[in-house]
Amino acid sequence: MITNNRLTANQYEQNFADIHPPFETADAALVEANRCLFCYDAPCTKLCPTSINIPKFIKQITTENIKGSAHTIFQSNIMGAGCSKVCPVEKLCEGACVYNNMDETPIHIAKLQRYSTEIAMKNNWQLFERKQSTGKKVAIVGAGPAGLSCAHVLSREGVDVTIYEKESKGGGLMTYGIAAYKVTPKFCEDEVNYILGVGGIEIKYNQELGKNISLEELQNNYDAVYLAIGVGLANKLNIAGEDLEGVEDAIEFIYNLRDKGYSSIKVGDKVAVIGMGMTAIDAATQAKRLGANEVTMVYRRTEAEKNCTQHELDIARLDGCATLWLAAPKEIIGENGKVKALICDVMKLGEPDAKGKPAPIATGETITLDVDMVIKATGQNPFEQLVSSYNINNNRGKINITNNVTNLAKVFAGGDCVNGGREVVDAVQAGKEGASAILKFMLNQ
Ligand code: SF4
């Protein structure tokens with residue numbers, strides 16, 4: 024049965040409490056910071072997509088220069104606070120820390136980053152000054168990580184920025200696409216407000232490209248346009264039964280929970296989640312934490328080829344989610360219009376495909392899961408129709424750019440709408456690169 028309100032208010036609070044608690048005292052942060060070896064070649068920094076100077080900000084914590092530490096982080100990554108909570112650090116900075124080579128626990132870089140940035144946000148330390156207005160105006164479409172990061176760099180250089188956002192809140196994927204126990208809606212709101220604190224950035228909410236605003240309008244009214252529209256809903260499974268009641272899109276499922284509150288979100292007794300990326304993990308753990316009895320994650324390859332990190336998979340397993348490897352959805356069976364079972368092809372691995380992963384091949388056998396809810400998390404669809412309607416060159420919806428610029432005059436793009444969907448930290452970096460390209464372009468106008 025699919026129903027909401029399965030738990031008490033207390034249980035919801037407990038299940039969705041922050042999974043990465045901060046340092047309990049300043050001394051604890053100091054002790055951890057002092058473990059850092061301040062490596063001259065800083066492998067941790069090399070693996071950060073935004074190149075945060077990690078030994079520097081940790082060193083600044085050791086001297087209790089928290090303002091300086093936060094400045095070092097925000098200079099490279101204005102969403103450094105959010106990234107400290109959602110980055111898969113085990114495959115980025117912390118995975119590269121030299122302590123791993125000594126079989127010791129790596130420095131808790133994310134926790135230290137959270138420590139400095141949260142103090143800065145709490146005290147509303149505005150660490151960057153906006154230069155005098157240049158009179159230039161830029162429109163950004165999308166107030167997600169790429170859009171906000173681009174806006175912050177441009178604004179600091181004296182550009183007036185207007186962001187057009189289709190939702191009623193900013194933050195994009197951070198606000199709407201990540202499980203609520205990683206970042207709370209309140210934190211996301213605070214982070215957006217903190218970024219806007221630099222001045223010179225206006226967000227116009229509930230403004231959707233192609234509906235309320237047109238690209239031509241933006242091209243005519245601004246010196247440059249930056250498209251940071253992200254990606255849309257989950258890819259279709261293209262199997263029978265996909266339209267039955269109880270089949271949900273993972274992004275919509277996560278979005279609704281964050282937008283409408285825990286108790287109003289319906290979840291089944293037995294849930295199958297299709298996919299093994301980070302969104303699949305978020306959807307599975309969230310379903311379990313909402314009170315589902317059984318959650319099974321279904322993936323067509325083996326554990327060795329999974330897209331999520333081991334750390335993420337461990338979280339799902341600790342939550343009690345099961346995994347079914349080498350299984351691909353074949354058909355969803357319904358009864359009275361509702362999901363009753365999921366039939367999967369049993370797969371085996373073949374030769375590597377175009378992406379270099381062994382291709383899953385159906386063995387002819389099937390397996391049936393008795394479920395009442397199926398959540399699709401097999402990657403997201405770029406907005407192909409929208410970008411094609413503006414004659415923007417694209418590859419199945421992913422916008423083609425050369426040095427951050429599209430084929431259209433003064434239209435730039437970056438983030439998920441270009442790469443098809445990566446981490447928040449990658450989008451922040453894309454926004455910075457987009458801003459430098461726009462600044463260079465405006466200088467030559
Ligand atoms: Fe510190 Fe580890 Fe980075 Fe070295 S690799 S600077 S020890 S965090």
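Counting in our numbering, the sequence shown runs from 24 upward without gaps.
Cβ coordinates follow ideal geometry from the N, Cα and C atoms, glycine included.
Check whether the Cβ atoms of residue i and residue j lie closer than 8 Å to each other.
i: VAL184; j: GLY233; result: no
i: VAL221; j: PHE151; result: yes
i: ALA273; j: LYS145; result: no
i: ILE77; j: ILE132; result: yes
i: GLN230; j: TYR187; result: yes
i: ASP368; j: LYS293; result: no
i: ALA351; j: PRO383; result: yes
i: ALA303; j: LEU365; result: no
i: ARG137; j: ALA104; result: yes
i: VAL161; j: ASP246; result: yes
i: ILE297; j: ILE355; result: no
i: VAL182; j: GLU268; result: no
i: MET465; j: LYS159; result: yes
i: VAL448; j: CYS67; result: no
i: ALA460; j: ASN427; result: yes
i: ALA436; j: THR429; result: yes
i: VAL254; j: PRO405; result: yes
i: ILE236; j: LEU171; result: no
i: CYS331; j: MET299; result: yes
i: ALA339; j: ARG281; result: no
i: ALA257; j: GLN408; result: no
i: ALA56; j: LEU135; result: yes
i: VAL441; j: ALA453; result: yes
i: ASN27; j: SER287; result: yes
i: PHE46; j: ALA40; result: no
i: GLY457; j: GLY357; result: no
i: LYS82; j: PHE61; result: yes
i: VAL290; j: ARG29; result: yes
For the beta strand (DSSP E) that contains residue i, what are its first and last residues?
i: TYR187; result: 183 to 187
i: TYR249; result: 247 to 250
i: ALA385; result: 381 to 392
i: CYS211; result: No beta strand (DSSP E) contains CYS211, which is instead part of the alpha helix (DSSP H) from 208 to 219.
i: LYS293; result: 293 to 297
i: MET320; result: 317 to 321
i: LYS227; result: 224 to 227
In the DSSP output, what is residue i paired with across the bridge?
i: ASN418; result: LYS421
i: ASP272; result: LYS399
i: ILE84; result: Paired residues: none, contrary to the question.
i: PHE435; result: TYR249, VAL428
i: ASP368; result: ALA351, THR389
i: ALA257; result: GLN403
i: ILE77; result: Answer by DSSP bridge pairing: none, since ILE77 is not bridged.
i: LEU232; result: ILE236
i: LYS361; result: GLU268, GLU358
i: PRO375; result: PRO381
i: ALA263; result: GLU354
i: ALA174; result: DSSP output for ALA174 lists no bridge partner at all.
i: THR346; result: MET320
i: THR26; result: VAL290
Can you tell me whether residue i is buried or exposed, with buried defined as 16 or more other CB within 10 angstroms of its CB?
i: GLY194; result: buried
i: GLY284; result: exposed
i: ILE42; result: exposed
i: LEU260; result: buried
i: GLN309; result: buried
i: THR73; result: buried
i: VAL206; result: buried
i: PRO44; result: exposed
i: THR391; result: exposed
i: MET125; result: exposed
i: ASN417; result: buried
i: MET301; result: buried
i: TYR63; result: exposed
i: TYR249; result: buried
i: ARG419; result: exposed
i: ALA119; result: buried
i: ALA49; result: exposed
Give the range of the alpha helix (DSSP H) segment to which residue i is assigned.
i: GLY454; result: 447 to 466
i: LYS69; result: 66 to 69
i: ALA162; result: That residue, ALA162, is in no alpha helix (DSSP H); its beta strand (DSSP E) goes 160 to 164.
i: GLU180; result: Per DSSP, GLU180 belongs to no alpha helix (DSSP H) and is neither H nor E.
i: GLU470; result: Nothing about residue 470 can be read from this structure; the chain reaches only from 24 to 468.
i: GLY314; result: Where GLY314 is concerned, there is no enclosing alpha helix (DSSP H), given that its DSSP letter is neither H nor E.
i: GLN333; result: 333 to 341
i: THR198; result: 196 to 199
i: LEU53; result: 49 to 56
i: SER107; result: 103 to 109
Is residue i near the ligand FAD, going by C-beta to nearest heavy atom under 7 Å?
i: GLU47; result: This structure lacks the ligand FAD; the ligands present are the ligand SF4.
Determine, using beta carbons only, whether residue i comes closer than 8 Å to chain B.
i: LEU347; result: The structure shown contains no chain B, having only a single protein chain.
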